[in-house]
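Let me begin by presenting the structure, written as C-alpha cells, before commenting on it.
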Amino acid sequence: MRFSQQKNMQSYILKASMTASLVLSTSVYAQDWKSTLAGVKDGQILPSYQAFSNSGEKLSKSIDALCLSPSSTALSTSKDLFAKNVDDWQKIQWLNFGPVTYFMRYYAFQYWPDKKGVTQRQLRSLKKDPDSMDQPKFWKSASIAVRGLTAIESLLYRKDFDPVAKPADCHLLKSIAQHHAETTQSVYTQWTNSTVSDWVYLEEGSSESAEKLAMEQVIQQWLEHMSVVKDAKLETPIGYKGKAKPKFAEFYRSSLSLDSMRTNLESYQALYHSGNPSLFAVALEQNPENANALDEQLIKNQELVNDLPSQYFSKTLSQEQKVELARPLVASISQSQKLLTKVVTNLGFQIGFNSRDGD
Amino acid sequence: MLDRRDFLKSCLLKGGALSIAALPTWQTAFASMTQGSELYVSAFSRQDKTLERSYYLGVFDAQGKMLWESKLLNRAHAPVVHPVHSIVGIIARRPGYYMDFFELTSGERLKRIAPLKDHHFYGHAIFNKTGDRLISQENHYTSGKGRIVIRSWPDAEVIAEYDSNGIGPHESVLMDENTLVIANGGLKTHPDHDRDILNLETMAPNVTYLSLDTGSVVHSVDNGKGKHQLSIRHLDVNAQGVVALGFQYKGEKWDEVPLVGISNLNSSSIEYLPMPEQIRLRFKQYCGSVCFDKSGQILAVSSPRGGLVAYWNMQDHSFLGADNCRDVCGVSQTDRPGVLMLTGGTGKQWISDPIKSNIYQINQHVGISWDNHLEKINPRRFS
Numbered sequence: 001m002r003f004s005q006q007k008n009m010q011s012y013i014l015k016a017s018m019t020a021s022l023v024l025s026t027s028v029y030a031q032d033w034k035s036t037l038a039g040v041k042d043g044q045i046l047p048s049y050q051a052f053s054n055s056g057e058k059l060s061k062s063i064d065a066l067c068l069s070p071s072s073t074a075l076s077t078s079k080d081l082f083a084k085n086v087d088d089w090q091k092i093q094w095l096n097f098g099p100v101t102y103f104m105r106y107y108a109f110q111y112w113p114d115k116k117g118v119t120q121r122q123l124r125s126l127k128k129d130p131d132s133m134d135q136p137k138f139w140k141s142a143s144i145a146v147r148g149l150t151a152i153e154s155l156l157y158r159k160d161f162d163p164v165a166k167p168a169d170c171h172l173l174k175s176i177a178q179h180h181a182e183t184t185q186s187v188y189t190q191w192t193n194s195t196v197s198d199w200v201y202l203e204e205g206s207s208e209s210a211e212k213l214a215m216e217q218v219i220q221q222w223l224e225h226m227s228v229v230k231d232a233k234l235e236t237p238i239g240y241k242g243k244a245k246p247k248f249a250e251f252y253r254s255s256l257s258l259d260s261m262r263t264n265l266e267s268y269q270a271l272y273h274s275g276n277p278s279l280f281a282v283a284l285e286q287n288p289e290n291a292n293a294l295d296e297q298l299i300k301n302q303e304l305v306n307d308l309p310s311q312y313f314s315k316t317l318s319q320e321q322k323v324e325l326a327r328p329l330v331a332s333i334s335q336s337q338k339l340l341t342k343v344v345t346n347l348g349f350q351i352g353f354n355s356r357d358g359d
Numbered sequence: 001m002l003d004r005r006d007f008l009k010s011c012l013l014k015g016g017a018l019s020i021a022a023l024p025t026w027q028t029a030f031a032s033m034t035q036g037s038e039l040y041v042s043a044f045s046r047q048d049k050t051l052e053r054s055y056y057l058g059v060f061d062a063q064g065k066m067l068w069e070s071k072l073l074n075r076a077h078a079p080v081v082h083p084v085h086s087i088v089g090i091i092a093r094r095p096g097y098y099m100d101f102f103e104l105t106s107g108e109r110l111k112r113i114a115p116l117k118d119h120h121f122y123g124h125a126i127f128n129k130t131g132d133r134l135i136s137q138e139n140h141y142t143s144g145k146g147r148i149v150i151r152s153w154p155d156a157e158v159i160a161e162y163d164s165n166g167i168g169p170h171e172s173v174l175m176d177e178n179t180l181v182i183a184n185g186g187l188k189t190h191p192d193h194d195r196d197i198l199n200l201e202t203m204a205p206n207v208t209y210l211s212l213d214t215g216s217v218v219h220s221v222d223n224g225k226g227k228h229q230l231s232i233r234h235l236d237v238n239a240q241g242v243v244a245l246g247f248q249y250k251g252e253k254w255d256e257v258p259l260v261g262i263s264n265l266n267s268s269s270i271e272y273l274p275m276p277e278q279i280r281l282r283f284k285q286y287c288g289s290v291c292f293d294k295s296g297q298i299l300a301v302s303s304p305r306g307g308l309v310a311y312w313n314m315q316d317h318s319f320l321g322a323d324n325c326r327d328v329c330g331v332s333q334t335d336r337p338g339v340l341m342l343t344g345g346t347g348k349q350w351i352s353d354p355i356k357s358n359i360y361q362i363n364q365h366v367g368i369s370w371d372n373h374l375e376k377i378n379p380r381r382f383s
C-alpha cells in the first residue's frame, strides 16, 4: 500500500471512530479543553519525550561501548542509534514550551542552524582538554552549542573528528552523549510530574481556563513549527528565494534532513488527532469542511515529502531542480498553516496578532 | 452654506494660520466626547469569519469604552496626537504609504499625507511641541538611507529633510524643542522585498540625537561590537532626559543579549537594564512598546511574543516585575503617576500599577485586536 493510501485509510478510520463520539465531545468541549489537552500530553508529549529519553540513553551507552572498544562496527551502531534519537526528537520538536524552555534546553538539544560554526569551534577547544568536561561544574556553564545532538553529530560524522582512533574525541563524545541523555530524562520526568497548563503564564483575573490557554500555546507552537519546516528546513538550504545554503540544512552531515522533515509532518497529523475529543473531532463538529480540509492537507504534506527523492538535499540535484520539486510542498505547508489558523480561530482561539506579526 | 465638516475641511485644505486657529482644541473635543479626563488612541483590526482583517483607528476612554473609530486603508502602526487641536493621526505600517489625520469633534478625515517620492513611512511620526511641524521617519528605499522629514502643519509642505544618521529610523521622540532622538533600527529593507532584511550581517543600529534646526548630529551611541544585530526600535524620553530603548534582536534565538537600555545626551554607551534571566528568555528577543509613566520614574516595556509587560524603577534602575498579558503590545501613561494603560491583540485593555503589583482588566472588545502602539491624549499637558 502506498504511503498516501495508508494515511488516507488511517484518516478515514479516525474520522469514522471520532464521528461516533461527537455527542460526548461537544459537551466536553463546551466546558473547557481539559480532555483534549490531557490527550495531547498523554498521546504525544509524554510518549515522545519518553522515547527521546530512552533512545538518548541507548545512544549514550553505545558511545560508552564505542570508547571502551573502538571499532568501525561500534561506530556504525552509535550512528544508527543517533539517527533513532534524532527521529524521536523530530516527533516532539514542534513543542518549544514547558520544561524544555528552562536553561535553554530546547536549543541545547539541537543547536541549529549553526550559522557561524560555533559547535565546531568549541569542540576543537574542548578537545585540547577533554578532562575538563568531567568536572562537576562543567555543565553548569557549558555552552548550549556543545550539549546535544548537533555536537554529537559533529563528533560522529565530521572528518576532523575520529572517535575510533582518537580517545580524546571519544571522551568528548561520551561526555556530551551522557549529558544529553540526562537532560532528555530530566525533561521527560518534569512532564511526568506536571500538566500542560502548569506551564502557562496566567493573566491576573482572567476568566479563561488554564487548559484553554495551554491548548492555545500548543496550537501556537504547532503553527510556528510549520514555518520552521517550510522556511528553515526546506526553503533556506535549497535557495528557494535566493542563494542556496546547503550547510544550513538540518542534520546534513548525517543525511537526516529529509527524514527529519518527514517525521515532523507525520507528527502534525498525530497531534491533530490526539485526545478524546481531539482537536480534529471538535473542529469536525464545528465546521466539517474546514476540519476535513486541514486533515487532508496534513496528509498531502506527508505525501509530498515522500515524493521527494531520497537524495534530495545532496549535491546530485541542481538548485533549480530542488526548487521545482519543493514548490508543491511549500504551497501545501502554507495552506496547512492557513487552514489550521482558520480552524482554531473559528473554535475561539486567539493565536496572536501582535505576537506573530509586529514591527 | 458650509456645514461644520465642510468648514473644517476647507480650513485644513487651505492651510494657513487663520484656519488652524479656527480648529477645535482638545478641550472642546473632550467636552463633546467624554466626562472624564483621559482619552486614548490606537489602531486596531477586526477579523471576519473568513479571517480577513479590516483596519481602523479608534479612540477610547479611561474605562476602555470605544468612543470613535474610522476605517483605514490598510494596517497601520502608531498613532500621533496634535498637541493643541483635536486631531489624531495614524501612520501606515512599514512599508507605509499614508498618514491619515482626523478631527475628532467632526470625526472626519481631514488630511492624507503621502511619503516623498521613492520613500515610505516606518509607522511612527510626531508633532513638535507647538503643533506647527510634523516629523516623520522615512526610508529612501532606492538608497536605503534613513530620512527625517519635517513638514509644516497643516499644509504638509516639506520644509526640511535630514539624514537620520543611520538605516531604518523607526521611532523618534522629542527630548526638547530642538532635539529629536531617533531609534535607527539598522534594518535595510526595500518594498520590492516586502519586509525582508537585506543587511543582516552589516546592520548598524544606533540612537541619534539630532538638531532639528540644522539637521546635525548632536550625539549618537550604539550597542557596540558584537551586538550589531540588536535593532534599536522603540524609545521614550522622560523629563530628566533619560531615553529608554527597546530592542529587537535579529540574531539567533538562543543568544544572550540585553533587550532594554537607557541613554542620554552625555552617555558614551548604552546602559542595559537588568532583568531576571527567566524574564529575558520570555521576551523572545523582542520588545514592542517602550513607555515611561507620567512621573517618568517607572519604565514599561512590552513583549507581545512573551505575553508580558516588564517594569523598571528609574530611580535605581532596578527591575520591578512583570505582568502576564497575552499578545500585549500597546503601553501608555495615564493621568496617575505609576499607573499605565495596556492594550493587546485579544482586544483587552488593562490598567497596571507595577509599584503595587496590581493589574486589572478594564474591558475587552470581542473580535478586535489592538495594534502595536497606544497613545494617550492629554489636554492638560497641552493647554
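Taken in sequence, the protein lines are chains A and B.
When the letters of the first sequence are read in order and numbered with the UniProt record's numbering, they come out as residues 1 to 359.
When the letters of the second sequence are read in order and numbered with the UniProt record's numbering, they come out as residues 1 to 383.
Positions of the beta carbon are idealized from the N, C-alpha and C atoms, including for glycine.
The structure presented is a predicted model; accordingly, all values stated were derived computationally and were not measured.
Original post:
Is the segment 308-318 of chain A touching the segment 332-341 of chain A in the sense that three or more CB pairs, one from each, lie closer than 8 Å?
Top reply: no
Subject >> Extent of the continuous beta strand (DSSP E) run through S227(A) >> reply: S227(A) -> not in any beta strand (DSSP E); alpha helix (DSSP H) instead, spanning 210-227.
Subject >> Cβ-Cβ distance between S86(B) and L110(B) below 7 Å >> reply: no
Subject >> Distance, W89(A) Cα to S72(A) Cα >> reply: Cα atoms of S72(A) and W89(A): separation of roughly 25 Å, rounded to the nearest angstrom.
Subject >> Every unbroken alpha helix (DSSP H) within the segment 243-289 of chain A, with a cutoff of 4 residues, ordered by chain >> reply: 257-272, 279-286
**OP:** Just the C-alpha distance for C329(B) and C287(B), rounded to the nearest angstrom, thanks.
**Re:** 9 Å
Subject >> Rounded separation between G275(A) and D259(A) - CA only >> reply: 26 Å
Original post:
Using a Cβ-Cβ cut-off of 6 Å (strictly less than) and excluding sequence neighbours within five positions of H82(B), which residues of its own chain qualify?
Top reply: F127, G131
Original post:
Helix, strand or coil: how does DSSP classify N184(B) here?
Top reply: strand
**OP:** May I ask you to report which of helix, strand or coil DSSP gives Q110(A)?
**Re:** coil
Original post:
Quick one: what does DSSP say A76(B) is sitting in, helix, strand or coil?
Top reply: A76(B) falls in the strand class under three-state DSSP.
Subject >> P123(B), enclosing beta strand (DSSP E) - first and last residue >> reply: Sequence inspection shows Gly at residue 123(B); the Pro mentioned does not correspond to that position. Unbroken beta strand (DSSP E) run through G123(B): 119-127.
**OP:** Anything in the segment 314-345 of chain B with a Cβ closer than 8 Å to a Cβ of chain A? List those residues in chain order, please.
**Re:** D323, N324, C325, R326, D327, V328, C329, G344, G345
**OP:** Report the rounded CA-to-CA distance for G348(A) versus G338(B), giving the unit in angstroms.
**Re:** 34 Å
Subject >> Partners in chain B for E203(A), counting only beta-carbon separations shorter than 7 Å >> reply: N324, C325, R326
Original post:
Straight-line CA distance for F353(A) to I362(B)?
Top reply: 20 Å
Original post:
Using the beta-carbon of each residue, which ones in chain A are nearer than 7 Å to G288(B)?
Top reply: N354, G358
Original post:
DSSP three-state call for Y312(A): helix, strand or coil?
Top reply: Here Y312(A) sits in coil by DSSP.
**OP:** Identify which residue in A125(B), L116(B), G215(B) has its Cα closest to the Cα of L134(B).
**Re:** A125(B)
**OP:** Using a threshold of 7 Å, state whether the C-beta atoms of K285(B) and Y249(B) are closer than that.
**Re:** In the sequence as displayed, the identity of residue 285(B) is Gln instead of Lys. A contact, by the Cβ cut-off of 7 Å.
**OP:** Let me know the beta strand (DSSP E) ranges lying completely inside the segment 245-277 of chain B, each 3 residues or longer, listed in chain order.
**Re:** 260-263
**OP:** Could you please give me the residues that DSSP links to I113(B) through a beta bridge?
**Re:** M99(B)
Original post:
Three-state secondary structure (DSSP) at K137(A)?
Top reply: If DSSP states are grouped into helix, strand and coil, K137(A) belongs with coil.
Original post:
Which residues of chain B have a Cβ atom closer than 7 Å to the Cβ of K342(A), listed in chain order?
Top reply: Per Cβ cutoff of 7 Å: L51.
**OP:** For the beta strand (DSSP E) containing Q44(A), list its first residue and its last residue.
**Re:** Where Q44(A) is concerned, there is no enclosing beta strand (DSSP E), given that its DSSP letter is neither H nor E.
Subject >> When S106(B), D118(B), F101(B) are compared against P154(B), the one with the closest alpha-carbon >> reply: F101(B)
Original post:
Relative to the ligand NAP, is the shortest distance from any of its heavy atoms to the C-beta of V366(B) smaller than 6 Å?
Top reply: The ligand NAP is absent from the structure shown, which contains no ligands of any kind.
**OP:** Enumerate in chain order the residues of its own chain whose CB-to-CB distance from R380(B) is below 6 Å, with the five nearest sequence positions on each side excluded.
**Re:** Per-residue confidence for R380(B) stands at a pLDDT of 43, beneath the threshold of 50, marking its modelled position as unreliable; no derived number is given.
Original post:
Quick one: what does DSSP say W94(A) is sitting in, helix, strand or coil?
Top reply: coil
Subject >> Reduced DSSP category for V366(B) - H, G, I as helix; E, B as strand; rest coil >> reply: coil
Subject >> Secondary structure of L317(A), DSSP reduced to three states >> reply: coil
**OP:** Please go through the same chain and pick out, in chain order, the residues whose beta-carbon is closer than 7 Å to the beta-carbon of A114(B), but skip the five residues on each side of it.
**Re:** Only Y97, Y98 meet the Cβ criterion.
**OP:** Evaluate contact between the segment 318-329 of chain B and the segment 203-217 of chain A, counting only Cβ atoms and requiring at least three cross-stretch pairs below 8 Å.
**Re:** yes
Subject >> Environment of V207(B) [buried if 16+ CB atoms lie within 10 Å] >> reply: buried
**OP:** Could you tell me whether any Cβ in chain B is nearer than 7 Å to the Cβ of residue 368(A)?
**Re:** Residue coverage of chain A in this structure runs from 1 to 359, which leaves residue 368(A) outside it and unanswerable.
Original post:
Cβ atoms of S231(B) and G296(B): under 7 Å apart, would you say?
Top reply: no
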